[in-house]
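Undergrad:
Residue numbers (my numbering): -1 to 69.
Below, the structure written as structure tokens:
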């Protein structure tokens, strides 16, 4: 048989920062926190983990942050 060392890690969580469709972070009262965006592992959600989530929501967050600064 074969053996190997393994270290358990937390890869993904089922909670995180609440975001809207523009990837803006929402506070506990569902109000936008101006200038704060989140995507990927930082944003909460279920069954949306990995590269597709980072790619899609990262692009949205970047686009919306640029719009907010007038770029």
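All residues carry an ideal CB built from backbone N, CA and C; glycine is no exception.
All values reported here derive from a predicted model rather than from experimental measurement.
#1: Anyone know if the C-beta pair for residue 14 and residue 37 falls short of 8 Å?
#2: Starting from the Cα of residue 30, find the closest Cα among 17, 42, 41 and give me that residue.
#3: Taking residue 49 as part of the alpha helix (DSSP H), name the residues at either end of that continuous run.
#4: What is the DSSP secondary structure of residue 38, counted as helix, strand or coil?
#5: Since residue 54 contacts residue 35 with CB under 8 Å, what's their CB separation in whole angstroms?
#6: How many Å lie between residue 27 and residue 2 at the Cα?
TA: Well, looking at it:
#1: Position 16 of the chain shown, counted from the first residue, corresponds to residue 14. Position 39 of the chain shown, counted from the first residue, corresponds to residue 37. Taking 8 Å as the Cβ cut-off, residue 14 and residue 37 do not qualify as a contacting pair.
#2: For the purposes of this step, residue 30 is identified with residue 32 of the chain shown, where counting begins at 1. Residue 17 is the option with its Cα nearest to residue 30.
#3: By 1-based counting over the chain shown, the position of residue 49 is 51. Counting along the chain, the alpha helix (DSSP H) containing residue 49 begins and ends at 49 to 66.
#4: Here residue 38 refers to the residue found at position 40 of the chain shown. Residue state, collapsed to three classes: helix.
#5: On the chain shown, position 56 is the one that residue 54 refers to. On the chain shown, position 37 is the one that residue 35 refers to. Residue 54 to residue 35, Cβ: 14 Å. No contact.
#6: Within the chain shown, residue 27 is the residue found at index 29, counting from 1. Within the chain shown, residue 2 is the residue found at index 4, counting from 1. One C-alpha to the other measures close to 47 Å.
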